[in-house]
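Visitor:
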């Protein structure tokens, strides 16, 4: 059996367990190139087009860095301001034009389904860098990669996922992927921000029996990984309600002392006040390493989609 | 006789028929490099400075792509926000400073004459990427190139030009160039958006006897190319008037069935609703190919101005 | 004695006279690379991250150009719009994440001390491209370099510094550096925009006895260099007061005729109306050359910080 071939990277649901494992293996190979320890010009002459219809420093810059580190070039826009989108151009036309300027496109868009539309239209590979409440599959791969690097295996791993589980797109695809790999999932969310029924159904269809907790202290007790996400103020009608929720889900040293000594805290970043700064310097903090793994993961995805072998 | 030398690319009026033909021939040579079929690092070590005082995804990205595909590098700004222009710096100073940072400058500016001023000041080559109601000469070259690739010759070609002929800078330089090459021109415009007298005079001075039509159905009958441009809402005092005009100039399959089977529709893009989406998949649609030809045309212009031989 | 090693470039106060001289010597070496006369790929495979929390065309583009000319690559943001800073991310987190994407960071920030914080946090070299009313050390190096290239030595050089001496960060670090090199300083400022006491103390501690003038005509008489800075309208409560001050400090041919024939006028640019355009074409004008020297100076600083020998 040869290597799987990928034409686009739109949703984690498009991939089998074997295919995801293959991407994770490729990402591992990229680590020395990401750190600069090894050099490569494998993507020389290739152009990445970045179409960011919504702001995202971290995601955009990590794609750019991944491309540049492998000798490729980058062009595009980081916000729709100052583009023909402002003149009223539809997404289809923008894709059909920009795909002739680049070898691969990365798109972030406020509307769910935008990346799929782009992938269907374009003859060039398209990577979804987040589409509304939809998917953000390269984030999921880097989350899995981080857990794998830190904990060695995903099967049987106790993962607690905390925060806005309703609107957080990161959380949906991550949960589904973790279920696929046999991790044990515990969800902790404020009322009204719980995991949507269809995501639960998807997870259960993979043989996972998730637990639901409200008290964070109980949930962290046997956790290997605590995955924290942002709770957005805008989701609450009442500021006092928000403050109460945000306060009760704040991760600090006191809380972490209730868990295993090997408990790792992850966060897709940016964080606001979900994690106390005192955690940064402890061995629990895995979030900056997680961010850094964006480079090898995106190197792997870009080179696979461009058909470049390593 | 050697190759003509170009120091700047400001207005199509600066060039003779022979010179334009030479650029078109060079663009033809660039097609395999634009598609990535052939590789070149001919512009390695050269820096393109993009000074976009006005938004333009398409034009900016196609210049960037052309530069990157030939191994060059790009820096600049895509809107005046966040630049010293906001601090009140005049154009002359910006040019005098940025020209020392780059090997060639591409400028788009809301004011007519800005590119000429830049070219006069700068010791480095300057390309006009659109100056107000003035010129957009690289668009004209790519329009001519598209017609030539599709129809084989420009002489005797029946071209219908439709839309806002008063303010559309694309249309002015294209009409003049087509007249120079002996094409037959028919203009279709709503009242008050007709071609300016001085453009008509320029066209007639080249021996062209343009026709003027109001009914689009008649005009397309013997047309080889239908060149459509945007009619901007802002040009109308009354929204009902705009809707009426926009509606009567909409290109759809029914209209195209009145013309030759080989009739090609072009548009500088972005389009709003001038061309019905149903046209996209027909053999009449030439506008996406036209957009793609921006790359070989701009590759030719950049390398000629930089004195790099192919 | 070997070459001095630099880990960051945050404040001119961090460096000894020998170290500054070393940077100036390196900048001299870079001149043929900046002009394109000589080619180098010494920084190939290196990525510069540009973190501009405040607009600055000139500084940002000159860093980018310096990096690209030496074969390096660039990524980053030119304004905080469209970045996770808008989502409320703090500076520390942005630094900790972006430093894993790049080999060296250049930061401009509205708050004094931001660059120092970044340098302390980051394991990669950090260059301060201006932090509020604080420092802008690469500007100081290029100012010194310009004087040295034009006047051959700094010791005993008569330098008049004019404008907003209170808030102008350029002026503070330049004055201190010039004092260190034994230049004679004369300060001319409108009332309420005089040099802060602590800067005067710093200058005097280096053995310099500055002069203070109000009449520009007297001050320029024996000057070798007249360093002009912008007086910002916002500093004045009253528009009439501003107009009076701006008018009395305007540099024109008439004023320059009172000085030496070899008097050179410098300005960090952008200028608004401080220097009359008539000066541009005279031998007094040194400001465009000064701007151009930004490239070799930043080439020297980037390659030294990246540990690349020339």
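Residue numbers (the working numbering), protein chains in the order written: chain A, 1 to 310; chain B, 311 to 620; chain C, 621 to 930. We put the CB at the ideal spot given by N, CA and C, even for glycine. As the structure is a prediction and not an experimental result, all values here were calculated from the model.
(1) Have a look at residue 403 of chain B and residue 727 of chain C and give me their C-alpha separation to the nearest angstrom.
(2) Look up residue 505 of chain B in the DSSP assignment and say whether it is helix, strand or coil.
(3) Opposite residue 537 of chain B in the DSSP bridges: which residues?
(4) When we look at the beta-carbon of residue 1 of chain A and count the other beta-carbons within 10 Å, is it buried (16 or more) or exposed?
(5) Can you pull the DSSP bridge partners for residue 184 of chain A?
(6) Going by DSSP, what residue range makes up the beta strand (DSSP E) through residue 108 of chain A?
(7) Answer yes if the stretch 832 to 846 of chain C comes into contact with the stretch 873 to 881 of chain C, meaning at least three C-beta pairs across the two stretches below 8 Å, and no otherwise.
(8) Taking the alpha helix (DSSP H) that residue 907 of chain C belongs to, which residues open and close that run?
(9) Just checking: is the beta-carbon of residue 311 of chain B within a distance shorter than 9 Å of some beta-carbon in chain C?
(10) Along the chain, where does the alpha helix (DSSP H) containing residue 663 of chain C start, and where does it finish?
(11) Could you tell me which of A:17, A:131, A:95 sits nearest to residue 54 of chain A, measuring between CA atoms?
(12) Identify the continuous alpha helix (DSSP H) that holds residue 247 of chain A and give its terminal residues.
(13) Within 10 angstroms of the Cβ of residue 633 of chain C, are there 16 or more other Cβ atoms? Answer buried if so, exposed if not.
(14) Chain C beta carbons: is any one of them nearer than 9 Å to that of residue 402 of chain B?
(15) Can you tell me whether DSSP reads residue 295 of chain A as helix, strand or coil?
(16) Tell whether a beta-carbon distance below 9 Å holds between residue 387 of chain B and residue 611 of chain B.
(17) Tell me which residue opens and which closes the alpha helix (DSSP H) that residue 219 of chain A is part of.
(18) Could you tell me the distance, in whole angstroms, from the CA atom of residue 7 of chain A to the CA atom of residue 124 of chain A?
(19) Closer than 8 Å, Cβ to Cβ, to anything on chain B: give me those residues from the stretch 666 to 687 of chain C, in chain order.
(20) Helix or strand or just coil, what does DSSP make of residue 441 of chain B?
(21) So, at 6 Å on beta carbons, what are the nonlocal neighbours of residue 831 of chain C in its own chain, with the 5 sequence-adjacent residues on each side left out?
(22) Please compile the residues from chain C whose C-beta is within a distance smaller than 7 Å of the C-beta of residue 292 of chain A.
(23) Quick check: the Cα distance between residue 228 of chain A and residue 266 of chain A, rounded to an integer number of angstroms?
(24) Can you grab the Cα-Cα spacing for the pair residue 287 of chain A / residue 410 of chain B, in whole Å?
(25) Can you look up residue 308 of chain A in the DSSP assignment and give me helix, strand or coil?
(26) Can you give me the C-alpha to C-alpha distance between residue 798 of chain C and residue 398 of chain B, rounded to a whole angstrom?
(27) Any Cβ of chain B within less than 9 Å of the Cβ of residue 69 of chain A?
(28) Starting from the Cα of residue 436 of chain B, find the closest Cα among B:528, B:361, B:336 and give me that residue.
(29) Could you tell me the alpha carbon to alpha carbon distance between residue 80 of chain A and residue 580 of chain B, rounded to whole angstroms?
(30) Tell whether a beta-carbon distance below 9 Å holds between residue 653 of chain C and residue 919 of chain C.
(31) Using DSSP with H/G/I as helix, E/B as strand and the rest coil, what is residue 523 of chain B?
(32) Since residue 929 of chain C meets chain A, which of its residues come closer than 7 Å, beta carbon to beta carbon?
(33) Counting Cβ pairs closer than 8 Å, one from the stretch 168 to 178 of chain A and one from the stretch 334 to 348 of chain B, do we hit at least three?
(34) Going by DSSP, name the residue or residues bridged to residue 489 of chain B.
(35) Tell me the rounded alpha-carbon separation between residue 461 of chain B and residue 308 of chain A.
Guide: In brief:
(1) Walking along the second chain from the start, residue 403 of chain B turns up at place 93. Walking along the third chain from the start, residue 727 of chain C turns up at place 107. Their Cα atoms are separated by approximately 24 Å.
(2) Numbered from its first residue, the second chain carries residue 505 of chain B at position 195. Residue state, collapsed to three classes: coil.
(3) Indexing the second chain from 1 puts residue 537 of chain B at position 227. According to DSSP, which records beta bridges pairwise, residue 537 of chain B is partnered with B:471, B:576.
(4) Position 1 of the first chain, counted from the first residue, corresponds to residue 1 of chain A. Low confidence applies here, because residue 1 of chain A scores a pLDDT of 45, under 50, leaving its location unreliable; read the following figure in that light. Taking every protein chain shown into account, the CB of residue 1 of chain A has fewer than 16 other CB atoms within 10 angstroms, so this residue is exposed.
(5) In the first chain, counting from the first residue as 1, residue 184 of chain A sits at position 184. Its beta-bridge partners are A:158.
(6) For the purposes of this step, residue 108 of chain A is taken as the residue at position 108 of the first chain. Run containing residue 108 of chain A: 104 to 109, per the beta strand (DSSP E) assignment.
(7) Between the stretch 873 to 881 of chain C and the stretch 832 to 846 of chain C, the count of Cβ pairs shorter than 8 Å is three or higher; the stretches touch.
(8) Looking up residue 907 of chain C in the third chain gives position 287. Unbroken alpha helix (DSSP H) run through residue 907 of chain C: 907 to 912.
(9) The residue given as residue 311 of chain B occupies position 1 in the second chain. Note that residue 311 of chain B scores a pLDDT of 46, beneath 50, so its modelled location is shaky and nothing firm can be said.
(10) Walking along the third chain from the start, residue 663 of chain C turns up at place 43. Where residue 663 of chain C is concerned, there is no enclosing alpha helix (DSSP H), given that its DSSP letter is neither H nor E.
(11) For the purposes of this step, residue 54 of chain A is identified with residue 54 of the first chain, where counting begins at 1. With respect to the C-alpha of residue 54 of chain A, the residue from A:17, A:131, A:95 having the closest C-alpha is A:131.
(12) Taking the first chain and counting its residues from 1, the one referred to as residue 247 of chain A is at position 247. 239 to 248 is the extent of the alpha helix (DSSP H) around residue 247 of chain A.
(13) Within the third chain, numbered from 1, the residue matching residue 633 of chain C stands at position 13. With fewer than 16 Cβ atoms within 10 Å of its Cβ, residue 633 of chain C is classed as exposed.
(14) The sequence position of residue 402 of chain B within the second chain is 92, counting from 1. Yes - at least one Cβ of chain C is within 9 Å of the one on residue 402 of chain B.
(15) Mapped onto the first chain, residue 295 of chain A falls at position 295. Looking at residue 295 of chain A - three-state DSSP - the assignment turns out to be helix.
(16) Translated into positions along the second chain, residue 387 of chain B becomes position 77. Translated into positions along the second chain, residue 611 of chain B becomes position 301. For residue 387 of chain B and residue 611 of chain B, no; Cβs fall outside 9 Å.
(17) For the purposes of this step, residue 219 of chain A is identified with residue 219 of the first chain, where counting begins at 1. For residue 219 of chain A, the enclosing alpha helix (DSSP H) starts and ends at 216 to 220.
(18) The residue given as residue 7 of chain A occupies position 7 in the first chain. The residue given as residue 124 of chain A occupies position 124 in the first chain. The alpha-carbon atoms of residue 7 of chain A and residue 124 of chain A are separated by roughly 8 Å.
(19) Within the stretch 666 to 687 of chain C, contact with chain B at the beta-carbon level (separation under 8 Å) is assigned to 672, 675, 676, 677, 678, 681, 682, 684, 685.
(20) For the purposes of this step, residue 441 of chain B is taken as residue 131 along the second chain, with counting starting at 1. Reduced to three states, the DSSP call for residue 441 of chain B is strand.
(21) Counted from its first residue, the third chain places residue 831 of chain C at position 211. The answer, listed in chain order, is 806.
(22) Position 292 of the first chain holds residue 292 of chain A. Those are 720, listed as they occur along chain C.
(23) For this step, residue 228 of chain A is matched to residue 228 along the first chain. For this step, residue 266 of chain A is matched to residue 266 along the first chain. Distance between the alpha carbons of residue 228 of chain A and residue 266 of chain A is about 6 Å.
(24) Stepping through the first chain from its first residue, residue 287 of chain A is reached at position 287. Stepping through the second chain from its first residue, residue 410 of chain B is reached at position 100. Between residue 287 of chain A and residue 410 of chain B, the C-alpha separation is close to 42 Å.
(25) Residue 308 of chain A sits at position 308 when you count from the first residue of the first chain. Residue 308 of chain A falls in the coil class under three-state DSSP.
(26) Within the third chain, the letter at position 178 stands for residue 798 of chain C. Within the second chain, the letter at position 88 stands for residue 398 of chain B. Cα to Cα, the separation comes out at about 29 Å.
(27) On the first chain, position 69 is the one that residue 69 of chain A refers to. Judged by the 9 Å Cβ criterion, residue 69 of chain A is not in contact with chain B.
(28) Residue 436 of chain B sits at position 126 when you count from the first residue of the second chain. The option with the nearest alpha carbon to residue 436 of chain B is B:361.
(29) Stepping through the first chain from its first residue, residue 80 of chain A is reached at position 80. Stepping through the second chain from its first residue, residue 580 of chain B is reached at position 270. Straight-line measurement puts the Cα of residue 580 of chain B at about 14 Å from the Cα of residue 80 of chain A.
(30) Start at 1 with the first residue of the third chain, and residue 653 of chain C comes out as number 33. Start at 1 with the first residue of the third chain, and residue 919 of chain C comes out as number 299. Contact: yes.
(31) Taking the first residue of the second chain as 1, we reach residue 523 of chain B at position 213. In the structure shown, residue 523 of chain B sits in a strand (DSSP, three-state: E or B).
(32) As a position in the third chain, residue 929 of chain C is number 309, starting the count at 1. What residue 929 of chain C touches in chain A: nothing, since even the nearest Cβ is about 18 Å away.
(33) Judged by pairs of C-beta atoms under 8 Å, the stretch 168 to 178 of chain A does not touch the stretch 334 to 348 of chain B, as fewer than three such pairs exist.
(34) Start at 1 with the first residue of the second chain, and residue 489 of chain B comes out as number 179. BP columns for residue 489 of chain B are empty, so no partner.
(35) On the second chain, position 151 is the one that residue 461 of chain B refers to. On the first chain, position 308 is the one that residue 308 of chain A refers to. Here the alpha carbons of residue 308 of chain A and residue 461 of chain B stand approximately 38 Å from one another.
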